[in-house]
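In UniProt numbering, the protein residues as written are 1 to 420. C-beta atoms are modelled at their ideal positions from N, C-alpha and C, and glycine is treated no differently. Keep in mind it's a predicted model, so treat the numbers as computed, not measured. The structure under discussion appears below in the form of structure tokens.
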Amino acid sequence: MDQKVVHPFANVPEGKLESLNKLQTQFKNDSRVNKVDLMCGIYQTEEGNPYVLPSVKLARQMLFNDPKWEHEYPSSHLGETEFRDLSARLLFGESSGIINENRLASMQTVGASGACHMGAMFLRAHYETYKSKPSGNVYIPAQTWVNHPNLFHAVGFETVSLPYYDASAHVFAFNSFNEAIQQIPTQSIVVLQVCGNNPTGCDPSVEEWERLAHTFKSKQHFAFLDLSYPGFVSGSVAQDCAPIRLFADANIPLLLATTYGKSFGLYGERVGHLCMPLPSAEIAARVEQQMKLLARAETGAQPRFGAKLVTNILGNPWLKDIWEENLKAMALDLARRRERLEEALIERDTPGDWSFVTTQVGMFLYTSFDQEQIEYLREEHSVYLQDTGRLSIAGLNPQNTIHVAESIAKALRRRVVTTL
Ligand SMILES: Cc1ncc(COP(=O)(O)O)c(C=O)c1O
Numbered sequence: 001m002d003q004k005v006v007h008p009f010a011n012v013p014e015g016k017l018e019s020l021n022k023l024q025t026q027f028k029n030d031s032r033v034n035k036v037d038l039m040c041g042i043y044q045t046e047e048g049n050p051y052v053l054p055s056v057k058l059a060r061q062m063l064f065n066d067p068k069w070e071h072e073y074p075s076s077h078l079g080e081t082e083f084r085d086l087s088a089r090l091l092f093g094e095s096s097g098i099i100n101e102n103r104l105a106s107m108q109t110v111g112a113s114g115a116c117h118m119g120a121m122f123l124r125a126h127y128e129t130y131k132s133k134p135s136g137n138v139y140i141p142a143q144t145w146v147n148h149p150n151l152f153h154a155v156g157f158e159t160v161s162l163p164y165y166d167a168s169a170h171v172f173a174f175n176s177f178n179e180a181i182q183q184i185p186t187q188s189i190v191v192l193q194v195c196g197n198n199p200t201g202c203d204p205s206v207e208e209w210e211r212l213a214h215t216f217k218s219k220q221h222f223a224f225l226d227l228s229y230p231g232f233v234s235g236s237v238a239q240d241c242a243p244i245r246l247f248a249d250a251n252i253p254l255l256l257a258t259t260y261g262k263s264f265g266l267y268g269e270r271v272g273h274l275c276m277p278l279p280s281a282e283i284a285a286r287v288e289q290q291m292k293l294l295a296r297a298e299t300g301a302q303p304r305f306g307a308k309l310v311t312n313i314l315g316n317p318w319l320k321d322i323w324e325e326n327l328k329a330m331a332l333d334l335a336r337r338r339e340r341l342e343e344a345l346i347e348r349d350t351p352g353d354w355s356f357v358t359t360q361v362g363m364f365l366y367t368s369f370d371q372e373q374i375e376y377l378r379e380e381h382s383v384y385l386q387d388t389g390r391l392s393i394a395g396l397n398p399q400n401t402i403h404v405a406e407s408i409a410k411a412l413r414r415r416v417v418t419t420l
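Here you go:
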């Protein structure tokens, strides 16, 4: 008798994607001409097109003009050595003792997703406090990049939410967050974004960072720092990186997961960097050896093209100057887009206080709109926000801002009328 052969994947469950995937398809199929995509954190031109930075175009040309450019594997599993060195100097500063004393372990990664993943894998295997725990907790702000919980779950951590956002004042809920990290066990792993917080647009102030550093230090917590929007807040990478330097100088154990996808507009080239400042060169060498083993097991070699572009830019002072100008211009432009939206909302007497549109920073505005309002904007006006109420400022432009503001005003007035 024939035995019915069941394919090993026949019973694979469908899996639940985030609502964003569904919304992107809905947006694509929306035939209305005034549709607006405010879902993705991708800087676009005023015409709503992809933006290639002038400095990146020049770096690309340099690479194409280089007769020695070849397609060998990178010299190390850790990625392009020059890229890692230049990136470390950018993030920690030229005069950093950590770099000059060879106390920084680092590896190139596949964007910040890859840096977070490799960082989580490294912690799972080597973080002394958690090594004996079958499922350790990682503490994550309740409002964060949607993928943070996924990537920790994927390597066997449990995640616990920390209060982060004060919805009534539209600011970082410093007191609640600081209190919460005082209550959790000592030596916990705590995730924090360095600047341009996704999705809230709310970062701790300089003074709040100092107080957080104090709590991290006294509780001996491990800081899992995600730096995905360097330069998008102040226009200066050094200024936006100040919290990293503060934590590193205070000898708080930390790792830094960085992407250059955003600040160089190299989203699809997947240029990331995972760094860990360590107490000595000898420990850093051992950690790097483990990173090498991890890289081999996970992805083998790291992609070279994007890393080469960043190397050309950071390694040539004249080109670095141009990139710094490009970055400053993007940050300034995002700030202007915020101002235009705030003005347009106020001009239309939109119910509420809209000052938070310009006090929040970076690429995102956290609107606190409820689900009904978000759906109303989408269904009635083709204005697409993420289901969390995150609005990407990067998708606003002079052509669509009035339509967005008018739609928001209608959504909010509707609520005022229906709640009367
Ligand atoms: C906070 C944060 N971390 C990580 C990432 C992932 O970055 P990448 O695309 O470089 O993997 C993003 C991307 O949106 C992000 O916003």
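| query | result |
| --- | --- |
| Neighbourhood of F64 by C-beta, 6 angstroms cutoff - its chain only, sequence neighbours within 5 removed | none |
| Segment limits, beta strand (DSSP E) that includes Y376 | That residue, Y376, is in no beta strand (DSSP E); its alpha helix (DSSP H) goes 371-381. |
| For L78, the three-state DSSP class (helix, strand or coil) | coil |
| Bridge partners - I189, DSSP secondary structure assignment | V138, F222 |
| Cβ contact check for the region 224-238 and the region 170-177: 3 or more pairs under 8 angstroms | no |
| Under the three-state DSSP convention, the category D37 falls into | strand |
| Sub-8 angstroms separation of Q187 and F224 beta-carbons | no |
| Helix, strand or coil at T359 [DSSP, three-state] | helix |
| Cβ-Cβ separation, H170 to F356 (assumed contact under 8 angstroms), whole Å | 4 angstroms |
| Exercise answer, beta-carbon shell around ligand 1 heavy atoms below 6 angstroms | G41, G111, A112, S113, W145, Q193, N198, D226, S228, T259, G261, G272 |
| Distance, P141 Cα to S161 Cα | 5 angstroms |
| Proximity test, S95 beta-carbon vs ligand 3 heavy atom, cut-off 7 angstroms | No copy of ligand 3 appears in this structure; the ligands present are ligand 1. |
| As assigned by DSSP and simplified to three states, the class of L278 | coil |
| Coarse secondary structure for G111, derived from DSSP in three states | helix |
| Neighbour-count burial assignment, H126, 16 or more Cβ in a 10 Å radius | exposed |
| The alpha helix (DSSP H) enclosing F177, as first and last residue numbers | 174-183 |
| Bounding residues of the beta strand (DSSP E) (the contiguous stretch that carries S368) | No beta strand (DSSP E) contains S368, which DSSP labels as neither H nor E. |
| Cβ distance (whole Å) where A248 is taken to contact I98 below 8 angstroms | 6 angstroms |
| Proximity to I313 [Cα-Cα], best of V56, Y43, V33 | V56 |
| Per-residue burial, L420 [other beta carbons within 10 Å of its own, 16 or more giving buried] | With a pLDDT of 47 at L420, under the threshold of 50, the modelled position of this residue cannot be trusted, and the question is left open. |
| Start and end residues, alpha helix (DSSP H) containing R340 | 317-347 |
| Residue(s) in a DSSP beta bridge with P50 | Q44 |
| Cβ-Cβ separation, E269 to F216 (assumed contact under 8 angstroms), whole Å | Actually they are not in contact, since the Cβ atoms of F216 and E269 sit about 33 angstroms apart, beyond 8 angstroms. |
| Rounded C-alpha distance that separates Y165 from Q143 | 7 angstroms |
| DSSP state of E18 mapped onto helix, strand, coil | coil |
| Endpoints, beta strand (DSSP E) assigned at T159 | 158-162 |
| Limits of the unbroken alpha helix (DSSP H) element including A154 | 147-154 |
| Simplified DSSP assignment, three categories, for Y165 | strand |
| Neighbourhood of residue 437 by C-beta distance below 8 angstroms, restricted to the same chain and skipping five residues each side | Since the first and last residues shown for the chain are 1 and 420, residue 437 lies out of range. |
| CB of T401 within 8 angstroms of CB of L341, strictly | yes |
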